[in-house]
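Protein sequence lines, in the order shown, are assigned to chains A and B. With the first sequence counted from 1, adding 9 to any position gets you my numbering. With the second sequence counted from 1, adding 9 to any position gets you my numbering. What follows is a short report on a single structure.
Number of protein chains: 2
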Amino acid sequence: MVLEIIAIALLSLLFALVLTISVLRKNKGNEKMQSIASAIQEGAIAYLNRQYKTVGIFAVVIAVILYFTLGMITALSFILGAFFSALSGYIGMMVAVKANVRTAEAAKKGTKNALDVAFKGGAVNGFGIVGLGLLGVAGLYMLVGDPNLIIGFAFGASLVSLFARVGGGIFTKAADVGADLVGKIEKGIPEDDPRNPAVIADNVGDNVGDCAGMGADLFESYIVTLIAAMLLGSILYGPTSEYVIYPMIVAAVGIVASMIATFFVKVKQKGEKGIWSALNNGLIISAILSVVGFFFASSMLPNSTGIFLATLVGLVTTLLISNITEYFTSREKGPVKEIALASETGAGTNIITGIAVGLRSTILPVIVIAVAMILAYNFAGIYGIGIAAMGLLSITGMIMSIDSYGPITDNAGGIAEMSKMPKNVRKTTDQLDAVGNTTKATTKGVAIASAALSALALFAAFVQIANLSAINIFKVNVLAGLLIGAALPFLFSAFTMNAVAKSAKLVVEEVRRQFKDNGIMRGTKKPDYSKCVDIATQGAIKELMVPALLAVLFPIIVGLLLGPEALAGMIAGTVATGLLLALFLSNAGAAWDNAKKYIELGNLGGKGSEAHKAAVIGDTVGDPSKDTCAPAINPLIKVINTISLLLAPLIIAYGLHAF
Amino acid sequence: MVLEIIAIALLSLLFALVLTISVLRKNKGNEKMQSIASAIQEGAIAYLNRQYKTVGIFAVVIAVILYFTLGMITALSFILGAFFSALSGYIGMMVAVKANVRTAEAAKKGTKNALDVAFKGGAVNGFGIVGLGLLGVAGLYMLVGDPNLIIGFAFGASLVSLFARVGGGIFTKAADVGADLVGKIEKGIPEDDPRNPAVIADNVGDNVGDCAGMGADLFESYIVTLIAAMLLGSILYGPTSEYVIYPMIVAAVGIVASMIATFFVKVKQKGEKGIWSALNNGLIISAILSVVGFFFASSMLPNSTGIFLATLVGLVTTLLISNITEYFTSREKGPVKEIALASETGAGTNIITGIAVGLRSTILPVIVIAVAMILAYNFAGIYGIGIAAMGLLSITGMIMSIDSYGPITDNAGGIAEMSKMPKNVRKTTDQLDAVGNTTKATTKGVAIASAALSALALFAAFVQIANLSAINIFKVNVLAGLLIGAALPFLFSAFTMNAVAKSAKLVVEEVRRQFKDNGIMRGTKKPDYSKCVDIATQGAIKELMVPALLAVLFPIIVGLLLGPEALAGMIAGTVATGLLLALFLSNAGAAWDNAKKYIELGNLGGKGSEAHKAAVIGDTVGDPSKDTCAPAINPLIKVINTISLLLAPLIIAYGLHAF
């Protein structure tokens with residue numbers, strides 16, 4: 010069975026390759042477009058190389074430590090996980106920077122053609138990630154025959170994805186905030202105006218943050234969840250039982266279903282509705298096909314009905330979370346309009362209302378996740394929670410494709426603007442981009458929910474591996490662990506938020522410095538784009554270390570000082586507030602963004618009105634919230650989980666036993 | 010022993026009475042000052058009457074339900090708790106509205122005199138509250154002889170304090186934001202300008218929010234903690250043991266120590282430093298005297314050293330938390346300057362940096378509380394946690410006095426401005442007010458820490474009363490309870506935040522409407538102050554019900570559906586995120602406020618600069634954060650705890666037993 014699974018993983022990679030070729034064969038536009046595109050490409054590659062150099066040093070140090078403490082297999086699978094995670098980031102980004110200019114060119118011929126190119130580009134990312142993930146896990150499992158030995162693979166992937174999320178997140182928002190504050194607010198020039206010295210950095214940011222960062226994030230969620238479900242199967246039913254294979258089958262079914270569904274992503278209606286329903290078709294068809302597949306796959310297990318229902322719980326959770334997120338972040342719905350309306354009384358009330366919307370948006374997803382957990386447990390025991398998490402992530406291939414098309418069209422719009430293409434091109438890319446903003450928000454909601462559910466599966470695996478019979482928070486050390494764990498996402502977000510503020514300040518100062526030369530504003534002199542890219546890169550790399558160290562050190566310290574049960578308490582605390590904080594920051598950010606866009610459509614005075622100025626400030630606050638802090642919490646939760654899993658034997662052996 | 014305790018409670022009330030007379034005998038200024046003061050007074054009384062009418066209806070309904078489910082004694086002690094809580098709010102507010110104008114008059118003769126009046130006014134509040142609290146608890150205990158029967162008193166106090174905090178918080182910030190947005194930002198007139206139609210409402214808000222609200226809050230913390238510690242003593246050592254008496258002795262010792270310490274609150278140095286050290290002297294002397302008293306008091310118990318140390322842990326926690334809070338919110342320290350500096354690049358970066366500072370400020374208090382909990386437990390078992398919480402709150406009399414003088418001087422400044430008193434008066438009150446802003450922030454920090462620690466004591470009491478041997482979060486229902494509990498403070502804050510936004514919008518519209526009459530801006534026509542007071546009152550009363558219902562209904566639903574152990578999980582989740590969210594919102598808000606004040610001192614361009622405009626927006630966001638949302642979380646945590654304690658027998662009897 011494992012061989013068939015590997016075959017499907019390879020098929021997914023082949024599919025990604027075919028899509029890549031199909032994208033590359035599209036017309037890449039005129040010389041001006043190409044020169045802009047290659048500036049973006051160079052910046053993105055330069056950033057990614059530098060990021061992975063730093064990550065590489067960090068990873069080698071950890072690999073050496075792992076080698077001496079936990080042995081060769083763990084060290085090697087850690088390195089492999091780290092490498093695959095980095096590779097998935099590269100793939101997504103490389104295709105995105107090729108697809109953007111081709112999407113701009115295709116937009117000349119209308120929405121249908123543009124969506125085709127952008128979606129294919131996104132799908133390379135989607136199917137590359139799931140293919141690589143399944144290949145890695147199934148391949149390693151075939152080699153070592155025990156999921157316990159490949160926890161290192163999960164840890165490697167989580168750690169690199171943490172770096173990618175934090176670093177990419179800081180870069181993209183430092184550049185974006187920097188470009189907006191001086192360009193839009195101080196100088197009053199439009200988005201993507203070529204006179205803005207930070208404009209290339211801003212577009213680079215979309216690629217390294219939204220494409221490479223999101224790619225590494227979902228890659229990590231995918232394989233960590235897969236391994237968590239397999240671990241639970243192994244602990245409960247033995248390392249070679251069919252319960253260990255089943256999670257991989259769920260993944261394989263999801264891949265095949267998503268692949269088929271891509272052929273149904275076709276624009277049939279005009280406008281944003283048409284784009285939205287094309288993408289939604291893809292999602293629904295892949296979900297339906299998956300359900301059919303799960304039904305047959307689960308029949309291989311003794312308690313097939315329970316397992317099938319647990320898998321279904323996960324899939325339904327995906328759809329519910331994505332609908333809830335859409336409600337709170339869509340331009341058409343109440344919450345965003347409420348924020349837009351509050352902008353009329355200034356930036357203060359805009360931000361207060363946005364914070365309120367973000368806070369309010371947390372309760373329903375939490376209840377959905379709590380109910381999903383209880384149902385999955387009742388259907389198939391602890392194993393059911395792992396399976397539900399896997400069900401949630403089974404159609405990652407499709408979700409990632411839908412997500413990645415967004416930054417590609419965003420970039421296409423930028424290229425269209427900078428190369429002064431006809432107005433209708435920009436209009437087409439704007440339409441695509443608007444839908445992309447909502448899909449981006451819903452994908453983030455799904456990614457957060459998946460992080461929480463897979464963290465719960467990992468938590469269960471940790472409890473088993475650490476040989477704990479209960480996690481009793483009525484013990485003071487465990488309660489202390491819970492409180493400290495709960496505080497960790499707050500501290501972590503403080504660092505990422507502050508990193509954006511600091512790096513953005515540097516970009517702002519550089520942009521202001523360049524604008525002092527009047528020639529740039531008059532358009533007679535070309536700004537020095539690469540300087541801004543450099544500054545954002547340096548800022549991101551510098552600020553990336555502390556949060557990553559926090560994630561690695563906290564579990565070790567708490568585990569050693571307060572014991573394994575307190576560490577489990579800490580994990581629970583981190584999952585709880587991590588989930589809440591991520592939902593709050595992500596949804597508030599997206600709602601602020603769309604409130605601004607709602608006004609830009611001509612509502613409440615439109616562009617240039619006082620309400621619009623207030624909404625721009627709200628968007629500035631929302632940007633790092635949704636694109637830096639919130640996404641970085643996902644890998645944080647998983648790094649804490651996987652490192653705890655890895656170190657459980659050491660903590661039990663060497664920890665203080667005061668409790 | 011109980012009689013001696015009651016005598017000290019009465020002494021505290023007598024002391025408050027003497028202080029009241031001493032304040033009332035001060036010169037109350039000229040006619041203009043008096044007319045303004047009485048406008049504020051009328052507004053405040055009108056609001057408070059209306060608030061307590063609404064609360065009264067709610068309380069009667071609950072009392073009837075309690076009578077039929079839990080019997081007469083619980084219903085009566087609930088009503089008594091509610092009444093005492095309301096009374097403590099009234100006392101604080103009534104004296105504050107008399108002391109404000111007298112402080113303004115005294116400020117003519119300099120800082121020393123002004124501080125004397127303001128501090129005495131605050132001390133009426135402080136000693137009124139602790140006197141009433143100790144009298145109620147000790148008196149009821151003398152009558153019924155079992156702390157289990159007076160949980161209703163704690164619930165009554167918590168519920169009314171929740172209303173006072175939410176309602177007062179909404180009123181004060183709706184008025185403040187409304188006054189600032191139109192007055193300061195749109196019209197460019199200074200704070201407390203008599204032309205601003207919302208100026209009286211703003212000053213009323215200081216009284217109903219900061220005085221009455223804070224009074225009800227600390228009253229509730231005080232008695233809830235007292236009862237929690239007594240309950241633990243009763244459960245572990247029997248309802249008439251000396252362990253039940255000891256917490257009341259700690260309270261009595263703290264009262265006597267604080268009373269003596271008030272005589273040392275004298276200004277000896279010029280400027281803000283002198284004010285700060287006068288107040289700090291009061292705090293330190295009351296702490297030292299308390300320690301001596303605790304040492305002798307604890308000797309009555311068998312394990313005297315352990316008990317003494319546990320009490321000490323609480324007192325040290327107070328001092329640590331107040332220092333940490335001061336670091337994050339003082340104008341002299343790094344974090345506030347960082348926010349001020351970020352204002353130079355606009356409101357966006359100001360707010361991002363403020364959020365980062367608020368998030369960062371949570372970790373140290375959490376670690377302090379976790380360590381305090383572990384130490385107290387090691388010194389004196391579970392009972393130690395209750396005692397530590399009581400130690401923390403023992404000097405509430407002094408803390409509340411220091412806190413309450415703030416809004417009194419704030420009001421005095423307003424009266425000075427509106428009645429056009431000489432400039433040096435305003436300068437004196439401004440100095441007092443600046444120190445008051447920091448003490449307000451540190452008191453809030455202490456109130457939050459006390460809420461968390463006393464919630465942990467209540468949590469322990471709940472576990473005992475519900476007969477649970479462990480709270481195992483590895484059970485899905487308990488983990489679900491934890492997640493839902495963790496989400497509750499987010500949802501609750503969403504409502505309170507939104508309520509401010511909605512009510513502020515109404516005030517803004519009214520102020521704008523009045524300003525359309527040019528006579529008002531020219532100063533030839535008096536604005537209609539009472540209209541703004543009415544609008545803020547209506548807004549607050551209307552918005553106050555939903556959050557209060559949330560606090561009451563969530564524990565009942567979770568307890569009945571998911572069982573008592575899940576309810577304990579829910580309590581832990583609410584305490585964890587409640588603590589974090591309250592610290593975040595409170596500290597970020599205070600830091601934004603002081604960043605603005607730092608700029609107003611002439612730094613970074615001073616008043617009127619772009620940085621200042623940005624900082625004003627930050628302050629607008631911080632206002633509801635620190636004065637509405639954060640303070641309301643304290644009683645929320647305690648309402649959930651006390652209602653769970655009360656309903657434990659019912660939940661065990663009638664809950665679904667699916668888990």
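Just so you know, even glycine gets a beta-carbon here, dropped at the ideal spot from N, CA and C.
Can you give the beta carbon distance from residue i to residue j, rounded, assuming they're within the 8 Å contact cut?
| i | j | result |
| --- | --- | --- |
| THR448(B) | ILE411(B) | 5 Å |
| ILE394(B) | ALA466(B) | 5 Å |
| ILE482(B) | GLY343(B) | Actually they are not in contact, since the Cβ atoms of ILE482(B) and GLY343(B) sit about 37 Å apart, beyond 8 Å. |
| VAL648(A) | LEU168(A) | 6 Å |
| LEU190(A) | THR637(A) | Actually they are not in contact, since the Cβ atoms of LEU190(A) and THR637(A) sit about 16 Å apart, beyond 8 Å. |
In this structure, how does DSSP classify residue i when only helix, strand and coil are distinguished?
| i | result |
| --- | --- |
| ASN481(A) | strand |
| SER94(B) | helix |
| THR181(B) | helix |
| THR637(A) | helix |
| GLN278(A) | coil |
| ASP201(A) | coil |
| ASN507(A) | helix |
| ASP537(B) | coil |
| VAL10(A) | The sequence shown places Met at residue 10(A), rather than the Val named in the question. If DSSP states are grouped into helix, strand and coil, MET10(A) belongs with coil. |
| ALA475(A) | coil |
| ASP628(B) | helix |
| ASP526(B) | coil |
| ASN3(B) | The structure shown does not extend to residue 3(B), since chain B is modelled only from 10 through 668, so no value can be given for it. |
| PHE172(A) | helix |
| ALA115(A) | helix |
| ALA207(A) | coil |
With burial defined as no fewer than 16 other Cβ atoms inside 10 Å of the residue's Cβ, what is the status of residue i: buried or exposed?
| i | result |
| --- | --- |
| ARG34(B) | exposed |
| PRO311(B) | exposed |
| PRO416(A) | buried |
| VAL262(B) | buried |
| THR533(B) | exposed |
Have a look at the options and flag the residue whose alpha-carbon is nearest the alpha-carbon of residue i.
| i | options | result |
| --- | --- | --- |
| PRO681(B) | GLY187(B), GLY242(B) and PHE136(B) | With chain B running from 10 to 668 in the structure shown, residue 681(B) is simply not present. |
| VAL217(B) | LYS182(B), ILE194(B), SER250(B) and THR249(B) | LYS182(B) |
| MET42(A) | TYR76(A), MET102(A), GLY90(A) and LYS107(A) | LYS107(A) |
| LEU28(B) | ASP125(B), ALA365(B) and ILE194(B) | ASP125(B) |
| GLY38(B) | ASN387(B), LEU321(B) and ARG111(B) | ARG111(B) |
| THR334(B) | ILE642(B), SER595(B) and ILE626(B) | SER595(B) |
| SER634(B) | PRO431(B), ALA600(B), LEU152(B) and PRO658(B) | ALA600(B) |
| ALA657(A) | GLY568(A), GLY615(A) and CYS638(A) | GLY568(A) |
| ARG204(B) | ASP526(B), ALA623(B) and ALA641(B) | ASP526(B) |
| ALA461(A) | ALA398(A), PHE93(A), MET506(A) and ALA597(A) | ALA398(A) |
| VAL444(A) | ASN359(A), THR338(A) and LEU235(A) | THR338(A) |
| LEU235(A) | MET309(A), ALA147(A) and ILE348(A) | ALA147(A) |
For the alpha helix (DSSP H) that contains residue i, what are its first and last residues?
| i | result |
| --- | --- |
| PHE388(A) | 372 to 402 |
| ASN157(B) | Note, ASN157(B): premise wrong, no alpha helix (DSSP H); not H, not E. |
| LYS346(B) | 343 to 351 |
| VAL325(B) | 313 to 338 |
| GLY80(B) | Neither: GLY80(B) is in no alpha helix (DSSP H) and is coded neither H nor E. |
| ARG369(A) | 356 to 369 |
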